[in-house]
Structure formats: structure tokens, C-alpha cells
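Undergrad:
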Amino acid sequence: MPRWFDALGSRLNRMSSLVITLLAVVSALVVGAVIIILSDVERLGNGEIGAAFSELATAYSALVRGSVGSLRALSETVNNSTPFIIAGVSVALAFKTGLFNIGATGQMLAGGLATTWVGFVMDGPAIVQIPLALLAGLVGGALFGAIPGVLKARTGAHEVITTIMLNYIASFTILWALDTQLFQRPDRSDPISKFVSDEAMLPKVFGFIGLGEKFPAHSGIIVALLVVAAYWWFLERSKMGFEFQAFGQNADAAEYAGMRAKRLTVVGMVVAGGIAGVAGGIEILGRYGYATQTFAGTIGFDAIAVALLGRSTPLGTMFSAILFGALQSGGREMQVETDINIDLIVVLRALIVMFIAAPLLVKAIWRVKSAQVSTGQTFKGWGS
Amino acid sequence: MRKRTFKGLAIGLVAVVGLAACGGSDDTATEDTEAVTEETTAEPTGLACQVTDVGGVDDKGFNQAAYEGLLQAQSELGVAVEYLESQGDADYDPNLQSFIDKGCDVIITVGFLLADATKKYAEANPDVAFAIVDSGTSAANVQGLTFAANEGAFLTGYMSAAMSESGVVGTYGGINIPPVTVWMQGFALGVKYYNEQKGADVKVLGWDIDKQDGTFAGNFESLDDGRNIAKTMYDEGADVIFTVAGPVGLGSAAFAQETDGKLRIIGVDKDMSISDAENANVYLGSALKGVTAAVFQAVQDALAGTGGGTDYVGTLANGGAGYVVSQEIPAELQAELDEIQQGIIDGTIATM
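Chains A and B, in that order, give the protein sequences.
Numbering of the first sequence is given in my numbering, commencing with residue 1 and proceeding in unit increments.
Numbering of the second sequence is given in my numbering, commencing with residue 1001 and proceeding in unit increments.
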């Protein structure tokens, strides 16, 4: 078989997984449309089917307008996407190593808390404080990620269990920390931290040319893009990245080839945790300026869907994070323009992931005839 | 205007995907319970917008009460209304910005946790009128809507102590913030007053008057937390629990339903025997806060341009705070409650 034939085949395969991904998104939007129409009981009951459809059109156009329709909408999308990108890379990298990191939320909380501390004990200058605060986030997240890594390497405790449980530990630890004199804002009785210094807040991306008002996206996106680039370099160019992937695809073969499984497991979780910690730090310095128990929201869990949708590749993860961020900001506009609740966005996201997880279904629906289609990254199941 | 919610569907689908398999919650707050409003044909006289906190407009309590005030303004004042639901702290700023961009004439923010964001946007947009529920005024264009919630809670505390057979009652809050603890303090003082009057020794779990601290769920959402806290207090002997945590209390009510009437619940904000009708029998009463009327008033004031910089305080005297009790309480207890209510209004009984 000539080499060019193999190359073409693999390119087609890669194309087809892109096609399937796009079709999954389209399928989700179609099902979402059906849900919007069917839930419009009032209009359907009155037989105003045309009106129900025009509402649908308003809803979906609001979704687009609210995500990319204006500078402010675009900026909102950028801000929403930033944590999804970084946390998504954290989960994707763990996937590549054969680890299922469900603990991004806990790692974000640990990192964010460390960032907050550096944020309020210092007062600038920005050029020193911001990198230092993000470094603290990296370290905090990495230390927190190390726990499930070590537990797995030493005792075989499955990271799915330990990372989920560590989320609770992080959540209640931060609750306790925010009640201590060190962190708690002096004039408040609820668990909320002091403000980080103004110098520590991430500057607006285009603030330096006076566009900060019109386009208030913060420069966390630059960090996010750097994380994606580093992830690409790590996978494609570094020896350790190669080891990670070999280990993720077949742990036994990798061990046979002389790679040290335990070390890879620990390092994989430490790196994934560190990246998630940066995501937490970015949220503190970019969005909030203070920490609460819930500042990480559901980003850590959404990041799993982001990584799945992006098939754990650097660009795929980035684009799916942007899609999730856009849906988030578009959903707000949709809720303002129509009487459709923003919860529909959660439904859409769940549908997308469902269709991604069932490529054969998507192929059957759209009658795509392509070679094998994988569900993306696989990871080791129970007892393996 | 009817609002559709997809919470049940969303949670169901997420569960199908399996990503939320480890944190699933019983979501019982999915039905639409909004009041049906009359369609007004006249041109709207303004646009009134509301940013809710995480409970959402269907939380059967605080946020819903505020939304009903907005709907009342829609039908009686002929204003157009909009709302945005916050799903977390991250949504406060963008939700407010959306409404500024949309050109709202008055923006009502619902909840103490929105105070910082409200102040920020009010100062940046002096032409827009703001009103905030559960926080004082913070700028010349912000009307504060606060409530002497302790007054109604005091009465339900007294009533709970009288009705308790085990001699132990409980209370818990959502988050340790003044608008929550004011209820718990009032409730505990009501129990204390009962003990003083009757020479009884009814204990209160979940709030310590001296330390000014107590039990908190840490959120205003998790029905599971409400169930767990109620179960713990029930195990420690409590037979009446006052829940001050919005939808979290619905979980406690669901647990109480399983105890065959041994555990009773005191609802908060609204008459929960109506709002949470499926569990109506477990509610011994509710401590009320006149959020609906206050929001309606705030919209009216804002359109007239008179609200900014002032504070509205709802009390027993002006109907902005109160309580309801179930029919089953003895007539002599009701008579005592009426007497105490008068004492509070006269200022002869302290509830702080």
C-alpha cells in the first residue's frame, strides 16, 4: 500500500470525526427546536403554529446575536469561554493520559483560593503580582491534583471516585477558609473573601487602546490561548507528552516499553490539577475579584463535556469551549428576548454530548457513510 | 407572560449523559406556578426588569414573591416586564449589563448577594432607577427594600415552642447573611419569650442567640441539604423546624412528609402551605415577608421618580412582615399570638 493512500485515509477519518461533531451540534439544535415548539403549550393550544415557529426563530437568532452579535456580546463570549478552555485542557490532558479527571472543580477552588490570597496580601505592581497570583493558583491546583494521583499510584484507588470526593473536600475547605480572619471580608458574616488589590485584576484585552469600555473582555483569554499552545506543544513535541499518550492508549504496552506507570499517573494528575488551578485563578482575577464557595460553579463538570466534544485535541477543546461559552452568553439574550428559560442551554449542551457519545446514532440519522468513527478518547474502566 | 422552565428536562438529560450521576438532586420545583395575569392592551408605560438570585422565579419563595410583584405591576400599572435568572455569582454583572443595554426604566435586584453589583451599576447608570430587595439604599438612584422579618419570626417561634411536644425546635439558614439570620434570631427570641412566660425550657437547635451563629446549608438551592439538615435535627429530637433557606426548605418538607406528622415545618417568605401545596399538611405555619407588595410599590415609586435614595422597611405594623398559622392551633394560643403581635407593634416586646 503506498504511503499517500494511508495519509489520505487518516485525513478522511479525521475529517469524518469533525463532520460527526458538527452533525451532533446540528442534531442537538434540531431537538432543541422541537423542545421549544412543544413546550409552547399556550400557542400550540390556540392553534397558532406559525407564532410558535416565529418564536423559535426569534430564540435562535437571539442565541446568535447574544453570543457574537455585538462587541459586548463577543466580549461576554470570550470571558465565558476562557475558563472552559483552560479547565477543558486540564480534563483533556488527563484523558490523554488515561485518567478521568472529574475533580477540576475542586482543583479550581484550591487554585483560586491560593490566587485570592496572593491577590489581597500584595498590592501590585501588576507585572509582578498577576504572574505570582496565577503561579499560586497553579501550585494550589497541582497540589490538590497530586492527591488523587498519588492515591491511584500507591493504592490503586480509582481517580473517578477520589476526584469526585475531593470536590466536596475542596468545597467545604474553602467554606471553612472563607470564615477565617485571614480570608473573610471584615464587614461580612457570610463566607466571602476580601477583595484582591486593583493591581491584581487582569487588565482588559484592548484596554491599552481605550476599548476597555466597549469590549470588556479580560486578558485571561491570552493565558487560555497560551495554555492551548502549550498543550499542543506538549502532545506533539515533548517526550513526556508522548509518554503520556502511550500510557493513555495502552498502559501495559507503555510499561513494557519501560515507561514508569506510577510516575506518569502522579505527574498526569499534578499537571491536570495545576491547569485547572490556573482556571480558578483566572476566574478570580478576571471576573470576580474575590472568592466565594461557589465561584467555580459547574465549570469543572462542563469541562468534561468540553473535552469530550473536542476529542481532547488542543484545537478541538478550544473550539468546543468557545461553543459552550457562546451558548452561555447567547442564552442570556434568548431569555431576555423570548420567554424561554436559560435552562434550555443546559439541555442543548447535554444533547450535544449525548450525540457525541453516540456517533452511530448521528451516522444513522444523517446517513453518513464513513469509515470507523470513534467516540473520542477512551479511558480505563473499573478494575483495570 | 408565561415563562417556561426546563430545569427538570435539563437535569434529566444531564443524568442520562451520566456526568451528573454523582451529584443528582431531587428537583421538585419544575412546575409552572406563576399567576395568570390579564393581558393588557394599552401601550406599556415603562419597562421594569428583574434580576433574580439563584433560586429563580419558580422557587416557591423569595424570588417568586418578587416576580409576582413585578407581574402585579404589569397588570395594574401597564408596564412591560422582563426577568433574568442568575445561575451563580458570575451572572450578576452580565445580567445587569443586559438590562442596561435593553433600556430598562427600573431594575429590581432580588437579594442581599446582589448588593455589590447593584451599587456598581447604579453608580455607573445614574439615569436608571434601581431597587434592591433585602438591602438598604446604596446610591441616589437605588431604593432599598428591607423587612423586619424578625417580627413575624418571633411569633412563629413562640407558636412553635407552644406546639412542640418534644420540647426541642430547630431552625437553619441558607447562607450566613443578615437577611437570613434576622429570621433565625427572631425565631429563637420567640422561643425564649415563650420559655420566660410559661416557665418552660424549650430548646432551639441551629441558632445560638449569644454567639449569633448557627446552622447553614451554605446555599439556597439544594433540596438534598434541606432533607439532611431536617433529618439531623429530627434525630436530635426536634419536632418543629423553621427553614430560612428558600428552596432548600422544600427538601425539609419532603422529609417531614415521611415522618407521618411527627415533624412539622415552618415555612418562610410566603405561605408555604399554598406555595408547596403537595406538602401542605406538614406546614405548621409560615413567617412572611411582604416582598410582592414591596416590589410593586418600588416599581410605582421608580416610575414616579421618588424611590431613589430611600429605604422601605416592611414591619408587622405596615403589613410588610407577618405570619400565618395552620388552622389546627388551639384558640387560646391564637389569642396569645394576637396579644404578642399587638405588643410588638406597640414596641413593648423586643424582637431583636
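The beta carbon of each residue, even a glycine, is placed where N, CA and C say it ideally should be.
1. At least one CB of chain B closer than 9 Å to the CB of A:Q335: is that the case?
2. Can you look up B:F1242 in the DSSP assignment and give me helix, strand or coil?
3. Out of A:D343, A:T265, A:V336, A:S320, which one is the CA nearest neighbour of A:V25?
4. At 8 Å on the CB atoms, spell out the chain C contacts of B:P1178, in chain order.
5. Which runs of the alpha helix (DSSP H) at least 4 residues long sit entirely within the region 1071–1152 of chain B? Give them in chain order.
6. Here's the rule I'm using: 16 or more other beta-carbon atoms within 10 Å means buried, otherwise exposed. How should A:V34 be labelled?
7. Considering only residues of the same chain and omitting the five flanking positions on each side of A:Q184, which have a CB-CB separation below 8 Å?
8. B:V1128 to B:V1106, Cα distance in whole Å?
9. Would you say the region 316–336 of chain A touches the region 54–72 of chain A, given that touching needs at least three Cβ pairs under 8 Å?
10. Quick one: Cα of A:L225 to Cα of A:G310, how far?
11. Alpha carbon to alpha carbon, what distance is there between A:L74 and A:L29?
12. Ends of the alpha helix (DSSP H) at A:V353?
13. If we ignore side chains and look at the alpha-carbon of each, how far apart do A:L151 and A:V160 end up?
14. Opposite B:G1322 in the DSSP bridges: which residues?
15. Is it buried or exposed for A:E55, if we count other Cβ within 10 angstroms and need 16 for buried?
16. Leaving out the 5 sequence neighbours to the left and right, which residues in its chain are closer than 7 Å to B:V1240 when beta-carbon positions are compared?
17. Using 9 Å as the limit for Cβ to Cβ distance, is A:Y288 near chain B?
18. If I'm right that B:W1183 touches B:V1110 with Cβ under 8 Å, what's the distance once you round it to whole angstroms?
19. For a contact defined as C-beta to C-beta under 8 Å, what are the partners of B:I1175 on chain A?
20. Candidates B:L1113, B:A1117, B:A1090: which alpha carbon is nearest B:I1100's?
21. Have a look at A:Y288, A:F301, A:P314, A:L360 and flag the residue whose alpha-carbon is nearest the alpha-carbon of A:G112.
22. Spell out the partners DSSP gives B:F1216 in its beta bridges.
23. Mind pulling the chain B residues with CB within less than 9 Å of A:F120?
24. Using beta carbons (cut-off 9 Å, strictly below), is A:Q181 in contact with chain B?
25. Distance, Cα to Cα, B:V1054 vs B:N1141?
26. Is there a Cβ of chain B sitting closer than 9 Å to that of A:Q107, yes or no?
27. Please name the residue, chosen from A:A94, A:M165, A:W366, A:E236, that lies closest to A:I275 on a Cα-to-Cα basis.
28. Specify, as a first and last residue, the run of the alpha helix (DSSP H) that B:K1203 falls within.
29. Give the interface partners of B:G1088 over in chain A, defined as CB-CB distance under 7 Å, in chain order.
30. Could you work out which residue in B:D1260, B:I1209, B:Q1342 is closest to B:K1192 when comparing CA atoms only?
31. Rank B:F1187, B:L1205, B:G1199, B:N1219 by C-alpha distance to the C-alpha of A:L175 and give the top, closest one.
32. To which residues does DSSP link B:A1048 through a beta bridge?
33. Within a Cβ cutoff of 8 Å, which residues of the same chain sit near B:G1347, ignoring the five residues on either side of it in sequence?
34. Which residues in the same chain as A:G137 place their Cβ atom closer than 7 Å to its Cβ, once the five residues preceding and following it in sequence are excluded?
35. Under 8 Å Cβ-Cβ, which residues of chain B neighbour A:E414?
36. Check whether the Cβ atoms of B:A1294 and B:L1145 sit closer than 9 Å, and answer yes or no.
TA: Let's see:
1. Reading the first sequence from its first residue, position 335 is the one you call residue 335 of chain A. True, the Cβ-Cβ gap to chain B drops below 9 Å.
2. For the purposes of this step, residue 1242 of chain B is identified with residue 242 of the second sequence, where counting begins at 1. Note: B:F1242 maps to strand in three-state DSSP.
3. Here residue 25 of chain A is taken as the residue at index 25 of the first sequence, counted from 1. Measuring C-alpha to C-alpha distances from A:V25 to each of A:D343, A:T265, A:V336, A:S320 identifies A:S320 as the nearest.
4. Although the question refers to chain C, the structure presented lacks it and instead comprises the protein chains A and B.
5. You should have 1092–1102, 1115–1124.
6. The residue given as residue 34 of chain A occupies position 34 in the first sequence. Counting Cβ neighbours within 10 Å, A:V34 comes out exposed, since fewer than 16 surround it.
7. On the first sequence, position 184 is the one that residue 184 of chain A refers to. These residues qualify, in order along the chain: L178, P191, I192, S193, K194.
8. Along the second sequence, one-based indexing puts residue 1128 of chain B at 128. Along the second sequence, one-based indexing puts residue 1106 of chain B at 106. B:V1128 and B:V1106: Cα-Cα distance of roughly 6 Å.
9. As far as the Cβ criterion goes, the region 316–336 of chain A touches the region 54–72 of chain A, which means the pair count is three or higher.
10. Start at 1 with the first residue of the first sequence, and residue 225 of chain A comes out as number 225. Start at 1 with the first residue of the first sequence, and residue 310 of chain A comes out as number 310. Their Cα atoms are separated by approximately 15 Å.
11. Looking up residue 29 of chain A in the first sequence gives position 29. Looking up residue 74 of chain A in the first sequence gives position 74. For A:L29 and A:L74, the distance between alpha carbons rounds to 21 Å.
12. For the purposes of this step, residue 353 of chain A is taken as residue 353 along the first sequence, with counting starting at 1. Here the alpha helix (DSSP H) through A:V353 covers 343–357.
13. If you number the first sequence from 1, residue 151 of chain A lands on position 151. If you number the first sequence from 1, residue 160 of chain A lands on position 160. When rounded, the distance between both Cα atoms is 11 Å.
14. Within the second sequence, residue 1322 of chain B is the residue found at index 322, counting from 1. Checking the DSSP bridge columns, you'll see B:G1322 partnered with B:L1288.
15. Here residue 55 of chain A is taken as the residue at index 55 of the first sequence, counted from 1. The residue in question, A:E55, is buried, as its Cβ has 16 or more Cβ neighbours within 10 Å.
16. What you label residue 1240 of chain B is simply residue 240 of the second sequence in a count that begins at 1. The residues are S1160, M1163, S1164, V1169, R1264, I1266, L1284.
17. One-based indexing of the first sequence puts residue 288 of chain A at position 288. Closer than 9 Å to some Cβ of chain B, the Cβ of A:Y288 qualifies, so yes.
18. Translated into positions along the second sequence, residue 1183 of chain B becomes position 183. Translated into positions along the second sequence, residue 1110 of chain B becomes position 110. B:W1183 to B:V1110, Cβ: 17 Å. No contact.
19. Working through the second sequence from its first residue, we reach residue 1175 of chain B at position 175. Residues of chain A passing the Cβ test: D190, P191.
20. Position 100 of the second sequence, counted from the first residue, corresponds to residue 1100 of chain B. Per the Cα distances, B:A1117.
21. The sequence position of residue 112 of chain A within the first sequence is 112, counting from 1. That would be A:Y288, whose Cα lies nearest to the Cα of A:G112.
22. Here residue 1216 of chain B refers to the residue found at position 216 when the second sequence is read from its first residue. Residue pairing by DSSP puts B:F1216 in a beta bridge opposite B:G1173.
23. For the purposes of this step, residue 120 of chain A is taken as the residue at position 120 of the first sequence. Correct list: empty, because the minimum Cβ distance to chain B is about 16 Å.
24. For the purposes of this step, residue 181 of chain A is identified with residue 181 of the first sequence, where counting begins at 1. It does not; no Cβ of chain B falls within 9 Å.
25. Position 54 of the second sequence, counted from the start, is the residue given in the question as residue 1054 of chain B. Position 141 of the second sequence, counted from the start, is the residue given in the question as residue 1141 of chain B. Their backbone Cα atoms lie some 24 Å apart in a straight line.
26. As a working mapping, residue 107 of chain A is identified with position 107 in the first sequence. Answer no: the Cβ-Cβ gap between A:Q107 and chain B never drops below 9 Å.
27. Translated into positions along the first sequence, residue 275 of chain A becomes position 275. Of the candidates A:A94, A:M165, A:W366, A:E236, the one whose C-alpha sits nearest the C-alpha of A:I275 is A:A94.
28. Start at 1 with the first residue of the second sequence, and residue 1203 of chain B comes out as number 203. Per DSSP, B:K1203 belongs to no alpha helix (DSSP H); it is in the beta strand (DSSP E), 1203–1205.
29. The residue given as residue 1088 of chain B occupies position 88 in the second sequence. Residues of chain A passing the Cβ test: T294, G297.
30. Start at 1 with the first residue of the second sequence, and residue 1192 of chain B comes out as number 192. Closest by alpha carbon: B:I1209.
31. On the first sequence, position 175 is the one that residue 175 of chain A refers to. Closest in alpha carbon position to A:L175, among B:F1187, B:L1205, B:G1199, B:N1219, is B:N1219.
32. Taking the first residue of the second sequence as position 1, residue 1048 of chain B is located at position 48. According to DSSP, B:A1048 bridges with B:V1081, B:V1106.
33. Against the second sequence, residue 1347 of chain B aligns to sequence position 347. Within the same chain, no residue comes within 8 Å of B:G1347 by CB-CB distance, once the 5 residues on both sides are set aside.
34. Here residue 137 of chain A refers to the residue found at position 137 when the first sequence is read from its first residue. Cβ-Cβ distances below 7 Å link A:G137 to G111, G112, A114, T115, G277, V278, G280, G281 in the same chain, with the five nearest sequence neighbours on each side left out; the list follows chain order.
35. The first residue shown for chain A is 1 and the last is 384, placing residue 414 of chain A beyond what the model contains.
36. As a working mapping, residue 1294 of chain B is identified with position 294 in the second sequence. As a working mapping, residue 1145 of chain B is identified with position 145 in the second sequence. It is a contact, given that the beta carbons lie within the stated cut-off.
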